[in-house]
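Peer 1:
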Amino acid sequence: MDTTSAITQRYACRAFLDSPVSTEIITHILDTARWAPSGVNTQPWRVAVVSGQRKQAITDALIQVRDSGQEPNPDYQYYPANWQEPYRNRRKVCGLTMYRALDIRREDTEKQKQAWYNNYRFFGAPIGLFVFIDAELAQGSWLDLGMFIQNIMLAAVDTGLATCPQASLADYPDVIRQQLDWPATDKLACGLSLGYADTSQPVNQYRLEREPVDSYTKWYE
Ligand SMILES: Cc1cc2nc3c(=O)[nH]c(=O)nc-3n(C[C@H](O)[C@H](O)[C@H](O)COP(=O)(O)O)c2cc1C
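Residue 76 is where the sequence shown starts when you use our numbering, and the numbers rise one by one after that.
As structure tokens, this is what we get:
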């Protein structure tokens, strides 16, 4: 598959088949992703791969802590506290489109809650990935991490797999670190679900638009 096809075919997959993914394929994806550039070749990424009972234990723990009413306490702020245009509207379209595909109405709060909890269930994917970064590193290394994560997603597409990058899986980083016996000196950037897409599900059948090049580019000569 050529790079452009991989980039344009990738999408956030929110329904997976339970077909297993071999350790060889996961290793191949991570082996490809490590070729991401990073400032002075820092290679700041650290990854946990979860499946089976460990993944289920994480799902249970995340749902439990959420149900307890505890506020998320992520290691960093991913979204703005106050949404301004044009981001506010893009966020709205993103949510409304997904709810429409899931046939969830505005007033159906229980269904909305379950849709949110599906994040913690890795949307049914057999594999979960957690991407960490050493807390000692500076903001610049987070750029490197983003490139690494994109490489994971593109390599997955190239092998016929789908992914969903998920900030939601980093809502309660202490829970994840505890489950994985992971050092507190690492910050949790995000999680990803990885598996084979269930393309029969409407939630996987729409694509969100992007603004055209001219809307975000100025040319200087
Ligand atoms: C770092 C990151 C975190 C995200 N977190 C979530 C998430 O927690 N749950 C979710 O359903 N989608 C999540 N997404 C997916 C975005 O909503 C999705 O990429 C965006 O709407 C564009 O859609 P597309 O990826 O299908 O083109 C995340 C994406 C990124 C890059």
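All C-beta atoms in this analysis are idealised placements derived from N, C-alpha and C, irrespective of residue type, glycine included.
Which of the three DSSP states, helix, strand or coil, is assigned to residue 283?
Peer 2: coil
Peer 1: Going by other Cβ atoms of all chains shown within 10 Å of its Cβ, with 16 needed for buried, is residue 120 buried or exposed?
Peer 2: Buried: at least 16 other Cβ atoms inside 10 Å.
Peer 1: Cutting at 7 Å between CB atoms, please list the residues of its own chain near residue 80, excluding the five before and the five after it.
Peer 2: none
Peer 1: In angstroms with no decimal places, state the Cα-to-Cα distance between residue 110 and residue 223.
Peer 2: 8 Å
Peer 1: Taking the alpha-carbon of residue 251 as reference, which of 289, 138, 106 has the nearest alpha-carbon?
Peer 2: 138
Peer 1: Ligand 1 heavy atoms versus the CB of residue 194: any closer than 8 Å?
Peer 2: yes
Peer 1: Do residue 174 and residue 166 have their beta-carbon atoms positioned less than 9 Å apart in this structure?
Peer 2: No, these two residues do not count as a Cβ contact at 9 Å.
Peer 1: Can you give me the Cβ contacts of residue 281 inside the same chain, cut-off strictly under 7 Å, excluding the 5 residues immediately before and after it?
Peer 2: 172, 176
Peer 1: Is there a C-beta anywhere in chain B that falls below 9 Å from the one on residue 208?
Peer 2: Of the protein chains in the structure, only one exists, and it is not chain B.
Peer 1: For residue 272, count the other beta carbons within 10 Å of its own beta carbon; 16 or more makes it buried, fewer makes it exposed. Which is it?
Peer 2: buried
Peer 1: Taking only runs of the alpha helix (DSSP H) that begin and end inside the stretch 215 to 263, which ones reach a length of at least 4 residues, in chain order?
Peer 2: 215 to 233, 248 to 255
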